[in-house]
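Worksheet for the structure shown next.
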Amino acid sequence: MRILKAKDYLEMSRKAANLIAAQVIMKPDCVLGLATGSTPIGLYQQLIQGYQQGDLDFSQVRTANLDEYKGLTRENDQSYYYFMHQNLFKSINVKEENTNIPDGTVADSAAECARYDEVIRALGGVDLQLLGLGHNGHIGFNEPADSFAKGTHCVDLTESTIEANKRFFASADDVPRQAYTMGIQTIMSARKILVVVNGEAKADIVQKAFFGPVTPQVPASILQFHPDVTLVGDEAALSKIN
Numbered sequence: 000m001r002i003l004k005a006k007d008y009l010e011m012s013r014k015a016a017n018l019i020a021a022q023v024i025m026k027p028d029c030v031l032g033l034a035t036g037s038t039p040i041g042l043y044q045q046l047i048q049g050y051q052q053g054d055l056d057f058s059q060v061r062t063a064n065l066d067e068y069k070g071l072t073r074e075n076d077q078s079y080y081y082f083m084h085q086n087l088f089k090s091i092n093v094k095e096e097n098t099n100i101p102d103g104t105v106a107d108s109a110a111e112c113a114r115y116d117e118v119i120r121a122l123g124g125v126d127l128q129l130l131g132l133g134h135n136g137h138i139g140f141n142e143p144a145d146s147f148a149k150g151t152h153c154v155d156l157t158e159s160t161i162e163a164n165k166r167f168f169a170s171a172d173d174v175p176r177q178a179y180t181m182g183i184q185t186i187m188s189a190r191k192i193l194v195v196v197n198g199e200a201k202a203d204i205v206q207k208a209f210f211g212p213v214t215p216q217v218p219a220s221i222l223q224f225h226p227d228v229t230l231v232g233d234e235a236a237l238s239k240i241n
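Structure below.
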């Protein structure tokens, strides 16, 4: 694992965006596994800037998102489909047909999960998977559990995750209770993994996930077994590791 320390959120975003930009330049038709949440917004802004300056071309890039809330339509401003279009896709030249996100409106969980696994298989797998890190160690919506989930699956969100997400909704009652997410095996199959973390609130889980025992109770700890992981964090998030 490579650890890149940044002095603040902006520098973290720049360093992470540079790694994604390098992947796009080296392999213009690469498959990017993308993530949502507040942490990646800065790096998406950097990628948009790179495109606007003529340094990046996303016309051949394919994308596969980690997850989506179950029950939200694409038009819902809290859906991850909406998030990706607002924060990245609408501002670069990626083709709509080359973007892939689980469909939260499909009620048949088994069918949607099987479809999405087939989408990723048909893409040839993910070249670079971007991940955030939840306070409880979740990656995607793979929550602490008794075993590591494999393929795409429907999860019941934990109370801590619902609590963390309720600030985005009018009330806690509006927060979806389930989500579709890539499984741990799917994430681990990516050729490269890029984890971004910022803020003092993530310091404990960074230490636990990357320097503690590998356990499904801390889902991100499995990344210790991946051959090509880069962790980019600001000083606050990395403050409890040497």
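In numbering that gives the first Met the number 0, the protein residues as written are 0 to 241.
Each residue gets a CB set at the ideal place from its N, CA and C atoms; glycine is no exception.
As the structure is a prediction and not an experimental result, all values here were calculated from the model.
#1: For the pair the region 116-126 and the region 158-168, tell me if three or more CB-CB distances fall below 8 Å.
#2: Quick check: what's the CA-CA separation for Y43 versus D145?
#3: Count the other C-beta atoms from every protein chain shown that fall within 10 angstroms of the C-beta of Q22, then say buried if there are 16 or more, exposed otherwise.
#4: Might you give, ordered along the chain, the residues of its own chain that have their beta carbon closer than 7 Å to the beta carbon of T104, omitting 5 neighbours on each side?
#5: Can you give the Cα-Cα distance for Q77 and E96, rounded to whole angstroms?
#6: By DSSP, does S111 sit in helix, in strand, or in coil?
#7: By alpha-carbon positions, which one of Y68, L130, S220 ends up nearest to Y79?
#8: Going by the DSSP bridge assignment, what does A1 pair with across the sheet?
#9: Quick check for students: name the residue ranges of the alpha helix (DSSP H) that lie wholly in the region 76-122, counting only runs of 4 or more.
#10: Could you tell me which residues DSSP pairs with Q177 in its beta bridges?
#11: In terms of alpha-carbon separation, which member of F140, A236, L87, A189 lies closest to R176?
#12: Would you be able to state if there are at least three C-beta pairs under 8 Å between the region 84-100 and the region 49-69?
#13: If you run the structure through DSSP and keep just helix, strand and coil, what is N164?
#14: Counting beta carbon pairs with one atom in the region 198-205 and one in the region 180-189, are three or more of them shorter than 8 Å?
#15: With DSSP as the reference, label R61 as helix, strand or coil.
#16: Helix, strand or coil for D203 per DSSP?
#17: Counting along the chain, where does the beta strand (DSSP E) carrying G32 start and finish?
#18: Roughly how many angstroms lie between the CA atoms of P215 and Q52, to the nearest whole one?
#19: Identify whether I40 lies in helix, strand or coil by the three-state DSSP scheme.
#20: Is it the case that the Cβ atoms of V231 and A34 are separated by a distance below 8 Å?
#21: For I192 versus K149, is the C-beta distance shorter than 8 Å?
#22: Looking only at C-alpha atoms, which of A236, L237, T229, K239 sits nearest to K14?
#23: For N17, does the three-state DSSP call read helix, strand or coil?
#24: Anyone know if the C-beta pair for G131 and P218 falls short of 8 Å?
In short:
#1: Between the region 116-126 and the region 158-168, the count of Cβ pairs shorter than 8 Å is below three; the stretches do not touch.
#2: Here residue 43 is taken as the residue at index 44 of the sequence shown, counted from 1. Here residue 145 is taken as the residue at index 146 of the sequence shown, counted from 1. Looking at the two C-alpha atoms, the distance is approximately 34 Å.
#3: Translated into the one-based positions of the sequence shown, residue 22 becomes position 23. Buried: at least 16 other Cβ atoms inside 10 Å.
#4: The residue given as residue 104 occupies position 105 in the sequence shown. Excluding sequence neighbours, T104 sits near T72.
#5: Taking the first residue of the sequence shown as position 1, residue 77 is located at position 78. Taking the first residue of the sequence shown as position 1, residue 96 is located at position 97. If you take the alpha carbons of Q77 and E96, they lie about 21 Å apart.
#6: Locating residue 111 in the sequence shown gives position 112, where the first residue counts as 1. Note on residue identity: the sequence assigns Glu, not Ser, to residue 111. Note: E111 maps to helix in three-state DSSP.
#7: Position 80 of the sequence shown, counting from 1, holds the residue named residue 79. Out of Y68, L130, S220, Y68 has the C-alpha closest to the C-alpha of Y79.
#8: One-based indexing of the sequence shown puts residue 1 at position 2. According to the sequence shown, residue 1 is Arg rather than Ala. DSSP output for R1 lists T229 as bridge partner(s).
#9: Taken in chain order, the complete alpha helix (DSSP H) segments of 4 or more residues contained in the region 76-122 are 79-86, 108-122.
#10: Your numbering for residue 177 matches position 178 in the sequence shown. Answer is D155, bridged to Q177.
#11: Within the sequence shown, the letter at position 177 stands for residue 176. Ranking F140, A236, L87, A189 by Cα distance to R176 puts F140 first.
#12: yes
#13: The residue labelled residue 164 in the question sits at position 165 within the sequence shown. If DSSP states are grouped into helix, strand and coil, N164 belongs with the helices.
#14: no
#15: The sequence position of residue 61 within the sequence shown is 62, counting from 1. DSSP places R61 in strand when its eight states are reduced to three.
#16: Sequence index remark: in the sequence shown, residue 203 carries index 204 (1-based). DSSP places D203 in helix when its eight states are reduced to three.
#17: Within the sequence shown, the letter at position 33 stands for residue 32. Here the beta strand (DSSP E) through G32 covers 30-33.
#18: What you label residue 215 is simply residue 216 of the sequence shown in a count that begins at 1. What you label residue 52 is simply residue 53 of the sequence shown in a count that begins at 1. Each residue's Cα considered, the two are about 43 Å apart.
#19: Numbered from its first residue, the sequence shown carries residue 40 at position 41. I40 falls in the helix class under three-state DSSP.
#20: Taking the sequence shown and counting its residues from 1, one reaches residue 231 at position 232. Taking the sequence shown and counting its residues from 1, one reaches residue 34 at position 35. Not closer than 8 Å, so no.
#21: Translated into the one-based positions of the sequence shown, residue 192 becomes position 193. Translated into the one-based positions of the sequence shown, residue 149 becomes position 150. No, the Cβ-Cβ distance between I192 and K149 is not below 8 Å.
#22: Within the sequence shown, residue 14 is the residue found at index 15, counting from 1. Of the candidates A236, L237, T229, K239, the one whose C-alpha sits nearest the C-alpha of K14 is T229.
#23: The residue given as residue 17 occupies position 18 in the sequence shown. The answer is helix: DSSP assigns N17 an H, G or I state.
#24: Your numbering for residue 131 matches position 132 in the sequence shown. Your numbering for residue 218 matches position 219 in the sequence shown. Their beta carbons are not under 8 Å apart, which means G131 does not touch P218 by this criterion.
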